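One structure is given here, and the rest of the page talks about it.
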């Protein structure tokens with residue numbers, strides 16, 4: 001029989017992952033990358049979503065990430081701190097699961113703890129026999145009818161938004177040739193990544209968290225090129241996963257500055273997938289999102305952002 | 001305020017880390033490496049040990065691993081399963097902390113769970129101001145005098161054993177042969193590497209880039225052993241890939257100094273592949289190359305290289 | 001402004017990958033390892049080569065690296081800089097592809113850019129249906145007959161050199177000493193590892209878990225060499241950490257079979273640490289342990305272990 005924290009965790013349909021932040025998780029100044037945190041969030045979400053959808057008889061399935069709601073990075077996290085990521089299922093529709101994730105940073109030397117992120121993720125269970133088939137989600141029990149109704153509202157709202165962004169995406173970024181400082185073309189960046197086995201689930205599809213980590217990396221390069229300072233992720237707008245990305249694909253992640261205020265920069269990031277082997281399939285847009293970055297001085301205090309110039 | 005699993009966990013002075021096992025955590029047949037599990041056990045132990053020893057005023061400290069008691073691997077763990085590692089402090093002496101760690105495997109598709117490991121680790125808190133100073137450990141409260149007495153017995157037993165093995169093993173090593181400084185034998189180095197999934201293409205052959213990276217690593221160690229300074233790669237001669245290397249092979253990368261000028265060192269590097277499972281194939285030479293390294297001072301300016309001596 | 005290779009990327013058949021250099025890409029002084037750059041060069045070459053060879057109907061294929069021409073490292077690269085790697089196909093023969101790769105370092109804070117490397121790689125397309133079959137390469141269009149003729153000369157020159165080195169090196173290796181099967185010497189193995197930032201705590205000492213993972217890796221190679229089957233860790237005897245290991249050290253992990261029963265193998269593992277830069281400290285034994293392994297068949301059932309032979 002299981003007692004203590006493990007038993008408690010498993011019985012509550014919740015999960016916690018904890019990990020100490022190392023030099024690879026952070027930039028040269030010691031701030032943990034937003035992308036590292038996004039990946040941990042998705043790891044926890046995928047585990048709890050997959051576990052829940054397999055608590056019934058019938059086809060075995062894997063939870064595929066469909067959407068991440070807008071996420072704020074409330075406090076920076078640093079190397080040496082422990083990140084505790086907890087995930088809980090908060091709503092289920094017939095074909096999707098809502099997971100609420102909280103991230104807590106703990107300084108194990110001083111004992112200081114801070115909630116750094118709260119995120120909401122939507123998963124869709126795909127059958128392992130036939131990955132184009134979405135299976136039915138077992139319902140959860142709600143603590144009150146009110147909490148069920150609020151969940152339903154969130155479900156309807158995200159469904160509508162996903163439809164809308166699906167229609168919008170598909171435009172191609174037009175490359176710009178003579179980049180003047182502080183124009184869009186000046187900081188525009190892109191990165192190519194070949195999807196390898198360790199980026200994927202057992203069934204050959206990319207983990208949503210891997211994609212998000214790369215998106216944050218590109219957004220960070222765009223932000224650093226624009227303002228030439230230490231920059232950190234402040235928030236990420238809703239991210240929609242339109243289409244699956246298979247092992248062996250090459251993905252191009254492109255970022256461009258779309259807006260600056262005195263205090264922050266907004267960067268649009270696209271993920272385009274391209275199967276090297278299946279040339280007939282063509283290139284398709286798989287994921288899109290907006291990242292907000294802030295610029296910091298050496299004491300981690302906000303710096304003003306140079307305004308984005310109109311021009312090419 | 002923290003509610004739910006995170007809050008509960010932090011209040012109990014216990015910790016759980018959970019992680020899904022990927023292809024890189026396992027061998028080609030899918031069994032998770034014992035080393036992957038040992039690393040997760042120590043990660044959890046280090047977090048809880050460091051946290052506990054900092055719950056008092058005075059010097060900040062870090063928990064350094066001093067000993068791991070005998071550990072059994074009760075059941076194998078497989079790719080796709082979730083490893084839950086829980087850690088709890090079970091005894092404290094004046095200068096050491098005993099941590100008990102349990103590892104549970106969960107198949108999130110079937111829901112099956114198994115306790116795969118139980119481990120006991122001993123940590124010693126080192127001051128961050130002066131890492132040679134061991135600080136005092138705040139005492140824990142025991143549930144009974146019996147549990148405290150049992151802990152004390154375990155403490156005395158491990159202390160005795162540590163003393164004994166220290167005498168046997170803790171001395172400076174006298175190598176079998178004494179290669180003279182600046183001879184070929186003095187800097188000669190080799191490393192073995194087991195080819196895992198993330199080293200390979202989708203089709204199970206090693207990426208050329210992975211081999212080249214390891215070759216440069218060995219060449220760099222040879223160069224650093226020879227001149228004991230900061231060294232950097234200056235050039236690589238043509239590299240020929242004679243034969244393919246398959247997933248699951250063990251490769252031996254060997255480097256030896258072949259020539260020195262006043263300004264540079266030439267190091268020959270061989271890659272020999274060996275299929276552990278297909279004994280009939282034998283060991284074969286797969287890649288060879290010559291690397292040129294230079295020695296740099298603290299301002300990144302070239303330093304003279306000690307000449308290579310003839311001898312053994 | 002970006003000129004040269006980066007600008008050309010926007011035209012056809014070229015690729016660029018960009019990545020920010022982190023602490024693990026570099027040595028303790030901050031210089032990016034030559035091996036990191038070589039790996040990025042090959043990643044880009046493999047993507048463009050594989051893509052090109054699949055732009056025709058017929059068998060799908062993967063580009064396997066056959067040769068890298070002599071490569072110079074023109075300028076050092078540092079942590080925090082962005083490496084831009086661009087690749088272009090410059091020649092095709094019936095069965096091989098020449099890829100030209102340029103590496104540019106960009107300091108995103110100052111905007112400074114430098115071409116650090118130029119490399120030429122040769123790939124051969126292997127059929128995915130049958131990896132021993134080389135398929136035909138679709139021809140590229142040349143900008144002039146002169147560029148085609150120069151390409152042909154490079155092709156002939158490298159072909160000749162490959163033949164020559166194949167004769168010299170491509171044979172099966174005859175080891176200097178012939179350890180008899182099932183003796184200690186037959187399975188004895190050791191590996192060297194340079195302690196990097198991600199192996200360490202914030203205070204520059206190796207995590208115990210990192211050492212244990214490497215110890216298990218060596219023990220596993222010894223066990224697999226002895227019995228040529230799927231092997232798994234069954235238990236680990238008490239491990240004592242006698243002395244701290246600092247960042248920048250080279251550790252040698254050595255394993256040797258000490259005992260076999262019908263069902264299991266006992267392997268002794270030593271960790272010796274050596275500070276490359278502080279020569280006065282000498283090499284010292286830091287950790288020792290005994291690992292027990294068992295041999296498994298395809299259904300994960302125990303197999304008998306061949307007895308250890310006395311001899312060399």
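Residue numbers (UniProt numbering), protein chains in the order written: chain A, 1 to 312; chain B, 1 to 312; chain C, 1 to 312.
Where is the CB? At the ideal position from N, CA and C, for every residue including glycine.
Quick caveat: nothing in here was measured; it's all calculated off a predicted structure.
Given this structure, state the Cα-to-Cα distance separating residue i from residue j, to the nearest angstrom.
i: residue 91 of chain C; j: residue 60 of chain C; result: 20 Å
i: residue 83 of chain C; j: residue 155 of chain C; result: 28 Å
i: residue 15 of chain C; j: residue 148 of chain A; result: 49 Å
i: residue 30 of chain C; j: residue 30 of chain A; result: 15 Å
i: residue 203 of chain A; j: residue 129 of chain A; result: 10 Å
i: residue 275 of chain C; j: residue 246 of chain C; result: 8 Å
i: residue 266 of chain B; j: residue 85 of chain C; result: 26 Å
i: residue 161 of chain A; j: residue 179 of chain A; result: 34 Å
i: residue 315 of chain A; j: residue 105 of chain A; result: With chain A represented from 1 up to 312, any question about residue 315 of chain A goes unanswered, as that position is not in the structure.
i: residue 134 of chain B; j: residue 239 of chain C; result: 20 Å
i: residue 309 of chain A; j: residue 186 of chain A; result: 10 Å
i: residue 251 of chain B; j: residue 44 of chain C; result: 24 Å
i: residue 223 of chain A; j: residue 182 of chain C; result: 59 Å
i: residue 146 of chain C; j: residue 152 of chain C; result: 10 Å
i: residue 213 of chain C; j: residue 235 of chain A; result: 36 Å
i: residue 268 of chain B; j: residue 57 of chain B; result: 55 Å
i: residue 192 of chain C; j: residue 46 of chain B; result: 25 Å
i: residue 112 of chain B; j: residue 271 of chain C; result: 37 Å
i: residue 38 of chain C; j: residue 282 of chain B; result: 29 Å
i: residue 17 of chain C; j: residue 253 of chain A; result: 10 Å
i: residue 190 of chain C; j: residue 36 of chain B; result: 19 Å
Let me check understanding here. Comparing Cα to Cα, which of the options lies closest to residue i?
i: residue 27 of chain B; options: B:41, B:119, B:145 and B:198; result: B:198
i: residue 258 of chain B; options: B:124, B:150 and B:291; result: B:291
i: residue 287 of chain B; options: B:108, B:121 and B:243; result: B:243
i: residue 25 of chain C; options: C:196, C:189 and C:254; result: C:196
i: residue 256 of chain A; options: A:107, A:217 and A:247; result: A:217
i: residue 81 of chain A; options: A:67, A:103 and A:69; result: A:103
i: residue 131 of chain C; options: B:187, B:205, B:224 and B:107; result: B:205
i: residue 89 of chain C; options: C:79, C:48 and C:108; result: C:48
i: residue 264 of chain B; options: B:58, B:293 and B:236; result: B:293
i: residue 73 of chain A; options: A:241, A:50 and A:34; result: A:34
i: residue 68 of chain A; options: A:50, A:98 and A:52; result: A:98
i: residue 110 of chain A; options: B:159, B:50 and B:253; result: B:50
i: residue 122 of chain C; options: C:87, C:36 and C:307; result: C:87
Ignore the nearest five residues each way along the sequence and tell me which others in residue i's own chain have a CB closer than 6 Å to its CB.
i: residue 64 of chain A; result: 124 and 126
i: residue 119 of chain B; result: 41, 71 and 101
i: residue 75 of chain C; result: 114 and 116
i: residue 32 of chain B; result: 21, 25, 26 and 77
i: residue 19 of chain C; result: 83
i: residue 184 of chain C; result: 256 and 257
i: residue 210 of chain C; result: 199
i: residue 194 of chain C; result: 250
Return the chain-ordered list of same chain residues with a C-beta closer than 8 Å to the C-beta of residue i, the five sequence neighbours on each side being excluded.
i: residue 296 of chain B; result: 229, 230, 231, 232, 302 and 303
i: residue 207 of chain C; result: 199, 200 and 201
i: residue 23 of chain C; result: 79, 196, 197 and 198
i: residue 241 of chain C; result: 208, 211, 286 and 287
i: residue 172 of chain A; result: Only weak support is given to the placement of residue 172 of chain A: the predicted model assigns it a pLDDT of 44, under 50, and the question is left unresolved by the model.
Looking only at its chain, what residues have a beta carbon closer than 7 Å to the beta carbon of residue i, apart from the 5 residues adjacent to it on each side?
i: residue 262 of chain B; result: 304 and 305
i: residue 54 of chain C; result: 60 and 61
i: residue 107 of chain A; result: 81
i: residue 237 of chain B; result: 289 and 290
Three Cβ pairs or more, each shorter than 8 Å: is that satisfied between the stretch 133-149 of chain A and the stretch 91-108 of chain A? At 8 Å Cβ cutoff, the stretches touch.
Curious, which full-length alpha helix (DSSP H) runs of at least 4 residues does the UniProt domain "HotDog ACOT-type" (11-129) of chain B contain? The qualifying runs are 34-53.
Between the stretch 160-168 of chain C and the stretch 210-228 of chain C, are three or more C-beta pairs nearer than 8 Å? No, they do not touch.
Every unbroken beta strand (DSSP E) inside the UniProt domain "HotDog ACOT-type" (185-299) of chain B [3 residues or more]: Listed in chain order, they are 189-194, 230-236, 239-241, 249-260, 265-275 and 283-296.
Identify every run of the alpha helix (DSSP H) within the stretch 129-168 of chain A, keeping only runs that are complete inside it and at least 4 residues long; order them along the chain. As far as the stretch 129-168 of chain A is concerned, its whole alpha helix (DSSP H) runs of at least 4 residues are 145-168.
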